[in-house]
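**Student:** If you read the sequences in order, they're chains E and A. This note's numbering numbers the first residue of the first sequence as 11 and each following residue consecutively. This note's numbering numbers the first residue of the second sequence as 2 and each following residue consecutively. Each residue gets a CB set at the ideal place from its N, CA and C atoms; glycine is no exception.
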Amino acid sequence: LRKAWSAESWIAAVLAGVLLLYLAFPLLQRTRHAAPRRRVLVVYGFSVLGDAMNRGIFPAFSRLWKEKTGEEVFFPSSFAGSGTITNQILLGAPAAVALLAHEGDALRLKEAGAARTDWREFPARGVVNRTPFVILVRKGNPLGIRSFADLTRPNVGIIHPDPLTSGGAAWAILAEFASATRLPEPLTAEDVRRGSEQLRGIWSRVVGQSPSAMGARTQFENGFGDALVTYEQQGVAARSSRGEEVEVVLPPRTILSEHVAVLVDRNIPVRDRFLALSFRDFLFARKGQEIFVKFGFRSAVDPGLDAGNPSLGALTDPITVEQLGGWERAYRLVVERIWKDEILKEPGR
Amino acid sequence: MTPARQDSGRGGWSQRLTVTALWAVLTPLLLLPIVAIFVFAGRGGWTAFWRTIALPDAQFAMRLSLWIALWTSLANAVLGTFTAYVLSKHRFRGRGPLSVLVNLPVAIPTVVIGTSLLLLWGPIGLLGRFLDPMGFRPMFAPLGIFLAHLLVTFPYMLGAVKPVLDELEVTYEEAAYTMGAGKMRTFLYVILPALRGGLFSGTLLTFAHSLGEFGATVMVSGNLRMKTQTAPLFIFAQFEAGQIETANAVAAVLAVLSFVIFMFLLRFTGPSAREGS
Numbered sequence: 011l012r013k014a015w016s017a018e019s020w021i022a023a024v025l026a027g028v029l030l031l032y033l034a035f036p037l038l039q040r041t042r043h044a045a046p047r048r049r050v051l052v053v054y055g056f057s058v059l060g061d062a063m064n065r066g067i068f069p070a071f072s073r074l075w076k077e078k079t080g081e082e083v084f085f086p087s088s089f090a091g092s093g094t095i096t097n098q099i100l101l102g103a104p105a106a107v108a109l110l111a112h113e114g115d116a117l118r119l120k121e122a123g124a125a126r127t128d129w130r131e132f133p134a135r136g137v138v139n140r141t142p143f144v145i146l147v148r149k150g151n152p153l154g155i156r157s158f159a160d161l162t163r164p165n166v167g168i169i170h171p172d173p174l175t176s177g178g179a180a181w182a183i184l185a186e187f188a189s190a191t192r193l194p195e196p197l198t199a200e201d202v203r204r205g206s207e208q209l210r211g212i213w214s215r216v217v218g219q220s221p222s223a224m225g226a227r228t229q230f231e232n233g234f235g236d237a238l239v240t241y242e243q244q245g246v247a248a249r250s251s252r253g254e255e256v257e258v259v260l261p262p263r264t265i266l267s268e269h270v271a272v273l274v275d276r277n278i279p280v281r282d283r284f285l286a287l288s289f290r291d292f293l294f295a296r297k298g299q300e301i302f303v304k305f306g307f308r309s310a311v312d313p314g315l316d317a318g319n320p321s322l323g324a325l326t327d328p329i330t331v332e333q334l335g336g337w338e339r340a341y342r343l344v345v346e347r348i349w350k351d352e353i354l355k356e357p358g359r
Numbered sequence: 002m003t004p005a006r007q008d009s010g011r012g013g014w015s016q017r018l019t020v021t022a023l024w025a026v027l028t029p030l031l032l033l034p035i036v037a038i039f040v041f042a043g044r045g046g047w048t049a050f051w052r053t054i055a056l057p058d059a060q061f062a063m064r065l066s067l068w069i070a071l072w073t074s075l076a077n078a079v080l081g082t083f084t085a086y087v088l089s090k091h092r093f094r095g096r097g098p099l100s101v102l103v104n105l106p107v108a109i110p111t112v113v114i115g116t117s118l119l120l121l122w123g124p125i126g127l128l129g130r131f132l133d134p135m136g137f138r139p140m141f142a143p144l145g146i147f148l149a150h151l152l153v154t155f156p157y158m159l160g161a162v163k164p165v166l167d168e169l170e171v172t173y174e175e176a177a178y179t180m181g182a183g184k185m186r187t188f189l190y191v192i193l194p195a196l197r198g199g200l201f202s203g204t205l206l207t208f209a210h211s212l213g214e215f216g217a218t219v220m221v222s223g224n225l226r227m228k229t230q231t232a233p234l235f236i237f238a239q240f241e242a243g244q245i246e247t248a249n250a251v252a253a254v255l256a257v258l259s260f261v262i263f264m265f266l267l268r269f270t271g272p273s274a275r276e277g278s
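#1: Could you check whether the Cβ of residue 90 of chain E sits closer than 8 Å to any Cβ belonging to chain A?
#2: Would you call the CB atoms of residue 154 of chain A and residue 73 of chain A closer than 8 Å?
#3: Is residue 112 of chain E helix, strand or coil by DSSP?
#4: Taking a Cβ distance cut-off of 8 Å, strictly less, list which residues of the segment 98-126 of chain A are near chain E, in chain order.
#5: How is residue 210 of chain A classed by DSSP in three states: helix, strand or coil?
#6: What is the DSSP secondary structure of residue 27 of chain A, counted as helix, strand or coil?
#7: Of the residues A/142, A/203, A/191, which one's Cα is nearest the Cα of residue 170 of chain A?
#8: Using 8 Å as the Cβ pair cut-off and three pairs as the minimum, do the segment 235-250 of chain A and the segment 173-183 of chain A touch?
#9: Mind checking if residue 228 of chain E is an interface residue toward chain A, Cβ cutoff 8 Å exclusive?
#10: Within its chain, find whatever has a CB closer than 6 Å to the CB of residue 242 of chain E; leave out the 5 residues flanking it on each side and keep chain order.
#11: In whole angstroms, what separates the C-alpha of residue 3 of chain A from that of residue 185 of chain A?
#12: Which term fits residue 6 of chain A, buried or exposed, when burial requires 16 or more other beta carbons within 10 angstroms of its beta carbon?
#13: With a Cβ-Cβ cutoff of 8 Å, do residue 309 of chain E and residue 246 of chain E count as a contact?
#14: In this structure, how does DSSP classify residue 215 of chain E when only helix, strand and coil are distinguished?
#15: Taking only runs of the beta strand (DSSP E) that begin and end inside the segment 69-137 of chain E, which ones reach a length of at least 3 residues, in chain order?
#16: Confirm, please, whether the CB-CB distance from residue 56 of chain E to residue 109 of chain E is below 8 Å.
#17: Would you call the segment 296-305 of chain E and the segment 208-221 of chain E in contact, with 3 or more CB pairs under 8 Å?
#18: I need the straight-line Cα distance from residue 163 of chain A to residue 68 of chain A, nearest angstrom please.
#19: Smallest Cα separation from residue 222 of chain A: which of A/53, A/130, A/14, A/138?
#20: Could you tell me which of A/232, A/84, A/115 sits nearest to residue 100 of chain A, measuring between CA atoms?
#21: In chain order, what residues of the same chain lie with their CB nearer than 6 Å to the CB of residue 278 of chain A, ignoring the 5 residues before and after it?
#22: If you drop the 5 nearest sequence neighbours on each side, which residues of the same chain put their C-beta closer than 6 Å to that of residue 107 of chain A?
#23: What residues from chain E crowd round residue 183 of chain A, counting only those whose CB sits closer than 9 Å?
#24: Which value, in whole angstroms, describes the spacing of the CA atoms of residue 152 of chain A and residue 114 of chain A?
#25: Please return the same chain residues whose Cβ sits closer than 6 Å to the Cβ of residue 133 of chain A, not counting the five positions on each side in sequence.
#26: Pick out the complete alpha helix (DSSP H) segments inside the segment 66-132 of chain A, 4 residues or longer, and give them in chain order.
#27: Would you decide whether residue 39 of chain E is buried or exposed? Buried here means 16 or more other CB atoms lie within 10 Å of its CB.
#28: If you draw a straight line from the C-alpha of residue 114 of chain E to the C-alpha of residue 239 of chain E, how long is it?
#29: For residue 143 of chain A, which of helix, strand or coil comes out of DSSP?
#30: I'd like to know whether the C-beta of residue 59 of chain E is nearer than 8 Å to at least one C-beta of chain A.
#31: Using DSSP's beta-bridge definition, name the partner residues of residue 365 of chain E.
#32: Say whether chain E places a C-beta atom closer than 8 Å to the C-beta of residue 16 of chain A.
#33: Just confirm the distance between the C-beta atoms of residue 168 of chain E and residue 235 of chain E, as a whole number of angstroms; I'd bet it's less than 8 Å.
#34: Against residue 249 of chain A, what residues of chain E qualify as contacts under a CB-to-CB distance less than 8 Å, listed in chain order?
#35: Taking the Cβ atom as the reference point for each residue, do residue 250 of chain A and residue 42 of chain A lie within a distance shorter than 8 Å?
#36: In chain A, what lies closer than 9 Å to residue 63 of chain E by C-beta?
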């Protein structure tokens, strides 16, 4: 017995048809006009780079490459916590170029054999840009926060990125520790005690964590917490999107983070090698560095370029990871031994 | 189902109070969150909404999600029906454990499913270790998303089809056999038509679940814009990046789509199609 279609069946059929048409639309388009020759370069970057890459670097490089070769470069990209993307690449994500928040993640790629080209041979030892760590506070700075020491006060609620996945969070921990020491004097036992004390005080005030620095800023901008520890670049971005609602506090003593560019050789076929190298060179060239400065980073190649962005604060006494004995030593001591093994495990936290 | 109580005036008054209380509780819990999505999505007006929806990466994410949902539904329609048929019509050793196994994905957290797939197909995984050198890398690719969704949504098709098969009178099949129809013909002309309702609702359920799947997808997809980023991942990434309007525009589209699917589900599995309570 064959029944006539009900009204509902008709509606369902029409909706399904519309859906299929929507799905097939790009396929129909593709056959109509031949696309110009297209190249693909997969880029993974740590979260806060998203804006600078998507709106600055990618379009600028594509334009340049097209002028030179006539080819379109297409950049599939993913931006997340530095640790997250490193883990994804280690598990097989197809990134050709990785921009990481610190050298520790680059070393993990190297140890796994994914990255063979030594980034330290790039300009500025592979540091593609830098940024000091700052504290974002609410309009008018109602709690009067001026330094990392002020974050230990009992009435402060801090939003912090998660050090397990975010490279920025690891830098923040280094800043929170090192600003209480007498660096660049050599670290003494007393320095370590004072640094740990301040770190412990700050972490007893953390009320919210996010997997990436970008996510932490979103939490803060949505009204959570009184203070956010983050990259100065994020402060500049927050000022331009939120205006007066947030204020950037550049503590007199803070760390200058260094972000590295790595070629993931394992994922670069021979035919894309030149493209990947050209892209790497572009990042360190004057044009690339100017774009980073425009988006709120500081140039590691030529600090003179920083004057191009008036919203970058004046650095008085920045601490570098070099003064802490290099990334590996600093990370092992401050993040792993003090933060992870001592502070994180304390009861009541 | 208990019929509405038709009590005295006092009963009516207390009933009204109870219903009001229920609304008062459910409005902030269930209704307002959905309203919030639409309010934020529509904040910049229609033009802003359309501009956001028309972004190439938003379009790509929605298309990818729909494609994956389509393939997942089709694959599970076949695989789920086959499984249901075997489990329902055959008695064999290991049938008990198998019935539990096929329903297991509902009980396992989706993040765990994603992890398990990475540990099976990834470059360091049980199978991936051998497949990776051959160039077969399903993880961080659309195929990986498809595999994850297949696993996550498997029980839905089964749950929709198997009860119908279980209840199907054996006499119809036997009648078909005695009239000389083969197994295949019996399946096509006797069993399949009876399954239509179950198949339809199973497919819709699978489609809806696949469309919104997040936990397993975020583990296996690599979250590559314009390549492996599905609509829910797009929403999450945009929200993380502070692009709340963009996130909400796509969220609103997904919500409407799910709503439409749900309406059809209600119609086709409504009182007439439903057995028992």
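**Tutor:** Based on what the coordinates show:
#1: Here residue 90 of chain E is taken as the residue at index 80 of the first sequence, counted from 1. Yes, because at least one Cβ of chain A sits closer than 8 Å to the Cβ of residue 90 of chain E.
#2: Position 153 of the second sequence, counted from the first residue, corresponds to residue 154 of chain A. Position 72 of the second sequence, counted from the first residue, corresponds to residue 73 of chain A. Contact flag set, yes.
#3: Locating residue 112 of chain E in the first sequence gives position 102, counting from the first residue. Residue 112 of chain E falls in the coil class under three-state DSSP.
#4: Result list: 119, 123, 124, 125.
#5: Counting from 1 along the second sequence, the entry for residue 210 of chain A is found at position 209. Residue 210 of chain A: helix per DSSP, three-state reduction.
#6: Position 26 of the second sequence holds residue 27 of chain A. Reduced to three states, the DSSP call for residue 27 of chain A is helix.
#7: Translated into positions along the second sequence, residue 170 of chain A becomes position 169. Per the Cα distances, A/191.
#8: no
#9: For this step, residue 228 of chain E is matched to residue 218 along the first sequence. True, the Cβ-Cβ gap to chain A drops below 8 Å.
#10: Here the question's residue 242 of chain E lines up with position 232 in the first sequence. Once the five neighbours on either side are set aside, the close Cβ partners of residue 242 of chain E are 141, 142, 144.
#11: As a position in the second sequence, residue 3 of chain A is number 2, starting the count at 1. As a position in the second sequence, residue 185 of chain A is number 184, starting the count at 1. Its pLDDT being 47, under 50, residue 3 of chain A is placed unreliably by the model, and the measurement read from it follows with that caveat. Spanning the two alpha carbons is a distance of roughly 44 Å.
#12: Residue numbering aside, residue 6 of chain A sits at position 5 when the second sequence is read from its first letter. Here the model assigns residue 6 of chain A a pLDDT of 49, short of 50, so the residue's position is not dependable, and the following value carries that caveat. The residue is exposed, with fewer than 16 neighbouring Cβ atoms inside 10 Å.
#13: Here residue 309 of chain E refers to the residue found at position 299 when the first sequence is read from its first residue. Here residue 246 of chain E refers to the residue found at position 236 when the first sequence is read from its first residue. It is not a contact, given that the beta carbons lie outside the stated cut-off.
#14: Here residue 215 of chain E is taken as the residue at index 205 of the first sequence, counted from 1. Residue state, collapsed to three classes: coil.
#15: 82-84, 87-90, 107-110
#16: Residue 109 of chain E sits at position 99 when you count from the first residue of the first sequence. Residue 56 of chain E sits at position 46 when you count from the first residue of the first sequence. Yes, Cβ-Cβ distance for residue 109 of chain E and residue 56 of chain E is below 8 Å.
#17: With a cut-off of 8 Å, the segment 208-221 of chain E and the segment 296-305 of chain E do not count as touching, because too few Cβ pairs lie within range.
#18: Reading the second sequence from its first residue, position 162 is the one you call residue 163 of chain A. Reading the second sequence from its first residue, position 67 is the one you call residue 68 of chain A. The straight-line gap from Cα to Cα measures roughly 26 Å.
#19: Locating residue 222 of chain A in the second sequence gives position 221, counting from the first residue. Of the listed residues, the one whose Cα sits closest to residue 222 of chain A is A/138.
#20: In the second sequence, residue 100 of chain A corresponds to position 99, counting from 1. With distances taken between Cα atoms, residue 100 of chain A lies closest to A/84.
#21: Within the second sequence, residue 278 of chain A is the residue found at index 277, counting from 1. For residue 278 of chain A, the predicted model reports a pLDDT of 34, less than 50, meaning its position is unreliable; a value from the coordinates is still stated below. Sequence-distant partners of residue 278 of chain A (beyond 5 residues in either direction) whose C-beta falls short of 6 Å from its own C-beta are missing from its chain.
#22: Taking the first residue of the second sequence as 1, we reach residue 107 of chain A at position 106. Taken in chain order, the residues that qualify are 156.
#23: Here residue 183 of chain A corresponds to residue number 182 of the second sequence, with the count starting at 1. Near residue 183 of chain A there are no residues of chain E at all, since even the closest Cβ is about 23 Å away, more than 9 Å.
#24: Here residue 152 of chain A refers to the residue found at position 151 of the second sequence. Here residue 114 of chain A refers to the residue found at position 113 of the second sequence. So the two alpha carbons sit approximately 8 Å from each other.
#25: Counting from one through the second sequence, the residue named residue 133 of chain A turns up at place 132. Cβ within range, chain order: 124.
#26: 96-108, 111-122, 129-132
#27: For the purposes of this step, residue 39 of chain E is identified with residue 29 of the first sequence, where counting begins at 1. With fewer than 16 other Cβ atoms within 10 Å, it is exposed.
#28: Numbered from 1 along the first sequence, position 104 holds the residue referred to as residue 114 of chain E. Numbered from 1 along the first sequence, position 229 holds the residue referred to as residue 239 of chain E. So the alpha carbons of these two residues sit roughly 20 Å apart.
#29: For this step, residue 143 of chain A is matched to residue 142 along the second sequence. Residue 143 of chain A falls in the helix class under three-state DSSP.
#30: Within the first sequence, numbered from 1, the residue matching residue 59 of chain E stands at position 49. No, residue 59 of chain E lies away from the interface with chain A (no Cβ there is under 8 Å from its Cβ).
#31: With chain E represented from 11 up to 359, any question about residue 365 of chain E goes unanswered, as that position is not in the structure.
#32: Against the second sequence, residue 16 of chain A aligns to sequence position 15. Chain E places no beta carbon closer than 8 Å to that of residue 16 of chain A, leaving this residue out of the contacts.
#33: As a position in the first sequence, residue 168 of chain E is number 158, starting the count at 1. As a position in the first sequence, residue 235 of chain E is number 225, starting the count at 1. So it is a contact: roughly 6 Å between Cβ atoms.
#34: Taking the first residue of the second sequence as position 1, residue 249 of chain A is located at position 248. Ordered by position in chain E, no residue passes the 8 Å Cβ test against residue 249 of chain A, which lies about 13 Å from the chain.
#35: Along the second sequence, read from residue 1 onward, the residue named residue 250 of chain A stands at position 249. Along the second sequence, read from residue 1 onward, the residue named residue 42 of chain A stands at position 41. A contact, by the Cβ cut-off of 8 Å.
#36: Position 53 of the first sequence, counted from the first residue, corresponds to residue 63 of chain E. None at all; the shortest Cβ gap to chain A is about 11 Å.
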